[in-house]
Amino acid sequence: MMHESLYDYSGDPDLLNTFREMVAVNAYYRAEKRGFEPGHELDDWYEAEREITNIYHYWFQ
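Shown next as structure tokens:
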């Protein structure tokens, strides 16, 4: 899965922090969109990670 490799990223820590913040915001909006129904937190996070990574994949090359 994509999320495993991102945590091995050893580049700029500010870039990784920005990435995590973007994922958190994206995951929040995913949860909000479905009414914050519990039990989907990890799904929201991993899907947000996947989406942000697809958009900004060049950051981690």
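For the sequence shown, position 31 matches number 674 in the numbering used here, and the numbering has no gaps at all.
No residue lacks a Cβ here, since even glycine has one placed at the ideal position from N, Cα and C.
As the structure is a prediction and not an experimental result, all values here were calculated from the model.
- How many angstroms separate the CA atom of residue 675 from the CA atom of residue 689? 16 angstroms
- Since residue 689 is in the alpha helix (DSSP H), which residue starts that stretch and which ends it? 684-699
- Item | DSSP-derived helix/strand/coil call for residue 663 | helix
- Please say whether residue 691 and residue 660 have beta carbons closer to each other than 9 angstroms? no
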